[in-house]
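Novice: Under the UniProt record's numbering, residues 1 to 337 are what the sequence shown spells out, in order.
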Amino acid sequence: MSIDIDIIKARAKNEYRLSKVRGEAMISVRIPGGILPAHLLTVARDIAETWGNGQIHLTTRQKLAMPGIRYEDIDNVNAALEPFLREIEIELCDVQVEDTKAGYLAIGGRNIVACQGNRICQKANTDTTGLSRRLEKLVYPSPYHLKTVIVGCPNDCAKASMADLGIIGVAKMRFTADRCIGCGACVKACSHHAVGCLALKTGKAGQAGPAGSGSAGCGLGRRAGAWQRKPDQLWQVRLGGRTSKKTPRVGKLFLNWVTEDVIKQVIVNLYEFEKEMLGGKPIYLHMGHLIDKGGYLRFKERVLRGVQLNPEAMVAERIYWAEDESVARMHLKPAGH
1 MSIDIDIIKA
11 RAKNEYRLSK
21 VRGEAMISVR
31 IPGGILPAHL
41 LTVARDIAET
51 WGNGQIHLTT
61 RQKLAMPGIR
71 YEDIDNVNAA
81 LEPFLREIEI
91 ELCDVQVEDT
101 KAGYLAIGGR
111 NIVACQGNRI
121 CQKANTDTTG
131 LSRRLEKLVY
141 PSPYHLKTVI
151 VGCPNDCAKA
161 SMADLGIIGV
171 AKMRFTADRC
181 IGCGACVKAC
191 SHHAVGCLAL
201 KTGKAGQAGP
211 AGSGSAGCGL
221 GRRAGAWQRK
231 PDQLWQVRLG
241 GRTSKKTPRV
251 GKLFLNWVTE
261 DVIKQVIVNL
271 YEFEKEMLGG
281 KPIYLHMGHL
291 IDKGGYLRFK
301 ERVLRGVQLN
311 PEAMVAERIY
321 WAEDESVARM
331 HLKPAGH
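So, in structure tokens, the structure goes:
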């Protein structure tokens, strides 16, 4: 049987990915930060068993995907997605949704990936779950491509360095000398978990090199509580990371020690930069390609236009890319030589 499939509607406007099986697609649901109410799993199960092939795929972007959806069942599936749209997009993320039974409205701004952050992890400096939900309404619904990853510390477990926009939680530390007992635990922790910038001096911990990375690794060894994170939640921003068949890259440092308000302003300007570079057409291009196209100085001026930087903020004057050799393959030789 011949089926007339509107690919743009299904893919770009409703989050469906067409399958290699003709007439079938996979629907995936947005879960900013990768954490959702447990009872919504039964909704995903019902969709998979009623209209799909009975399976659920856990995607690399922390989404639930139900494959095997017939094209003619898309309207029914969209209506069944109502609990996800209502409870996650509207109630948790404050996204304005006119019709909760019409399915997802765009695929451009990808689901925000996040590690579990300081709600769970002792190494995390920041609340990644909360930030991912607060940023959701800035990236969805938008037809323009943007992959965002948020991590709670420079360990970068969720690989923010490989995203268009990588947001990394960093911390300023407060040292109370009177509480230091000279045990050296913080020095060992800093050496093992961070950048090794501490040393014992006259029986007290002190800085022995350049300032730390913001990882708060010294705090992991705080037996007497001499080191404490300052309460302000600050972030590092990396840009242009991507996997690719052509030129994979690790993202470069763009901003350091910035607040959430700065990040929100930057995201708004990122989308404006995309629109300008693409002539108002939401073509699929990674942020790194767009920076290459416009040049970093032009990019920096546009993205920071009107942004009120906090006093601690630092901005990269320039960015230099180190290309992967996956295209040139200069070091690969026949095995027998």
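For every residue, glycine included, the Cβ atom is placed at its ideal position computed from N, Cα and C.
Quick one: complete alpha helix (DSSP H) runs, 4+ long, within the segment 116–146?
Specialist: List check, alpha helix (DSSP H) in window: 128–139.
Novice: Taking the alpha-carbon positions, what's the GLU49 to LEU278 distance?
Specialist: Along the sequence shown, one-based indexing puts residue 49 at 49. Along the sequence shown, one-based indexing puts residue 278 at 278. Distance between the alpha carbons of GLU49 and LEU278: 41 Å.
Novice: From the DSSP output, in three-state form, read off GLN265 for me.
Specialist: What you label residue 265 is simply residue 265 of the sequence shown in a count that begins at 1. GLN265: helix per DSSP, three-state reduction.
Novice: Using 8 Å as the Cβ pair cut-off and three pairs as the minimum, do the segment 245–255 and the segment 268–285 touch?
Specialist: These segments do not touch.
Novice: Using beta carbons (cut-off 8 Å, strictly below), is ARG298 in contact with chain D?
Specialist: The structure shown contains no chain D; it holds only a single protein chain.
Novice: Mind reading off the beta-carbon distance from THR128 to CYS115? Whole number of angstroms is fine, and I expect it under 8 Å.
Specialist: Here residue 128 is taken as the residue at index 128 of the sequence shown, counted from 1. Here residue 115 is taken as the residue at index 115 of the sequence shown, counted from 1. Correct: roughly 6 Å between the Cβ atoms.
Novice: Shortest alpha-carbon distance to VAL21 belongs to which of ALA335, LYS63, ALA322 and PRO67?
Specialist: Against the sequence shown, residue 21 aligns to sequence position 21. Closest option to VAL21, Cα to Cα, is PRO67.
Novice: Name the one or two DSSP bridge partners that TYR16 has.
Specialist: Here residue 16 corresponds to residue number 16 of the sequence shown, with the count starting at 1. DSSP lists ILE27 as partners of TYR16.
Novice: Mapping the DSSP letters down to three states, classify LYS188 as helix, strand or coil.
Specialist: On the sequence shown, position 188 is the one that residue 188 refers to. The answer is helix: DSSP assigns LYS188 an H, G or I state.
Novice: For a test of the three-state rule: what should DSSP assign to THR202, helix, strand or coil?
Specialist: Position 202 of the sequence shown, counted from the first residue, corresponds to residue 202. Coil.
Novice: With DSSP as the reference, label VAL113 as helix, strand or coil.
Specialist: Taking the first residue of the sequence shown as position 1, residue 113 is located at position 113. Strand.
Novice: Excluding the 5 residues flanking VAL95 on each side, which residues of the same chain have their C-beta closer than 7 Å to its C-beta?
Specialist: As a working note, residue 95 is residue 95 in the sequence shown. Within the same chain, VAL95 has close Cβ partners GLU89, GLU136, LYS137 and TYR140.
Novice: Taking contact to mean at least 3 C-beta pairs separated by less than 8 Å, is the segment 146–164 in contact with the segment 105–112?
Specialist: These segments touch.
Novice: Of the residues ASN125, ASP164, LEU105 and LEU200, which one's Cα is nearest the Cα of ASP292?
Specialist: Stepping through the sequence shown from its first residue, residue 292 is reached at position 292. With distances taken between Cα atoms, ASP292 lies closest to ASP164.
Novice: In the DSSP assignment, find the alpha helix (DSSP H) that holds VAL287 and state where it starts and stops.
Specialist: By one-based count along the sequence shown, residue 287 stands at place 287. Checking the sequence, you will find Met at residue 287 rather than Val. 287–294 is the span of the alpha helix (DSSP H), which, as asked, contains MET287.
Novice: Does the Cβ of HIS178 have 16 or more other Cβ atoms within 10 Å, making it buried, or fewer, making it exposed?
Specialist: As a working mapping, residue 178 is identified with position 178 in the sequence shown. The sequence as given places Asp at residue 178; His does not occur at that position. Exposed, since its Cβ has fewer than 16 Cβ neighbours within 10 Å.
Novice: So, at 7 Å on beta carbons, what are the nonlocal neighbours of VAL187 in its own chain, with the 5 sequence-adjacent residues on each side left out?
Specialist: Counting from one through the sequence shown, the residue named residue 187 turns up at place 187. For VAL187, where only same-chain residues beyond five positions count, the Cβ hits under 7 Å are LEU198, ALA199, LEU200 and ALA205.
Novice: Given a threshold of 16 other Cβ atoms within 10 Å of its Cβ, counted over all protein chains shown, does ILE120 qualify as buried or as exposed?
Specialist: Working through the sequence shown from its first residue, we reach residue 120 at position 120. With fewer than 16 Cβ atoms within 10 Å of its Cβ, ILE120 is classed as exposed.
Novice: Leaving out the 5 sequence neighbours to the left and right, which residues in its chain are closer than 6 Å to ALA171 when beta-carbon positions are compared?
Specialist: Walking along the sequence shown from the start, residue 171 turns up at place 171. These residues qualify, in order along the chain: ASN125, GLY214, ALA216 and ARG229.
Novice: Leaving out the 5 sequence neighbours to the left and right, which residues in its chain are closer than 7 Å to PRO143 when beta-carbon positions are compared?
Specialist: Counting from one through the sequence shown, the residue named residue 143 turns up at place 143. Contacts found: ALA12, ALA106, GLY108 and PRO282.
Novice: Name the two residues that bound the continuous alpha helix (DSSP H) containing ILE74.
Specialist: As a working mapping, residue 74 is identified with position 74 in the sequence shown. 74–80 is the span of the alpha helix (DSSP H), which, as asked, contains ILE74.
Novice: Would you decide whether ILE167 is buried or exposed? Buried here means 16 or more other CB atoms lie within 10 Å of its CB.
Specialist: Looking up residue 167 in the sequence shown gives position 167. Buried, by the Cβ-count rule.
Novice: Cβ atoms of ILE31 and LEU64: under 8 Å apart, would you say?
Specialist: Sequence index remark: in the sequence shown, residue 64 carries index 64 (1-based). Sequence index remark: in the sequence shown, residue 31 carries index 31 (1-based). Cβ atoms of LEU64 and ILE31: closer than 8 Å.
Novice: Kindly indicate which three-state DSSP category ALA38 falls into: helix, strand or coil?
Specialist: Walking along the sequence shown from the start, residue 38 turns up at place 38. Looking at ALA38 - three-state DSSP - the assignment turns out to be coil, as it is neither helix nor strand.
Novice: Taking Cβ positions, are GLY152 and GLY130 nearer each other than 8 Å?
Specialist: Looking up residue 152 in the sequence shown gives position 152. Looking up residue 130 in the sequence shown gives position 130. Going by C-beta atoms, GLY152 is not nearer than 8 Å to GLY130.
Novice: Per DSSP, ARG229 forms a beta bridge with which residues?
Specialist: Position 229 of the sequence shown, counted from the start, is the residue given in the question as residue 229. BP columns for ARG229 point to MET173.
Novice: Over what stretch of residues does the beta strand (DSSP E) that includes LYS333 continue unbroken?
Specialist: Locating residue 333 in the sequence shown gives position 333, counting from the first residue. Element bounds for LYS333: n/a, residue is neither H nor E.
Novice: Tell me whether the beta-carbon of GLY251 lies closer than 8 Å to the beta-carbon of LEU270.
Specialist: Working through the sequence shown from its first residue, we reach residue 251 at position 251. Working through the sequence shown from its first residue, we reach residue 270 at position 270. Against a cut-off of 8 Å, the Cβ pair of LEU270 and GLY251 comes out as no contact.
Novice: For TRP235, write down the residues that DSSP places opposite it in a beta bridge.
Specialist: Against the sequence shown, residue 235 aligns to sequence position 235. According to DSSP, TRP235 bridges with GLY169 and VAL258.
Novice: Can you give the Cα-Cα distance for PRO154 and THR259, rounded to whole angstroms?
Specialist: By 1-based counting over the sequence shown, the position of residue 154 is 154. By 1-based counting over the sequence shown, the position of residue 259 is 259. The alpha-carbon atoms of PRO154 and THR259 are separated by roughly 16 Å.
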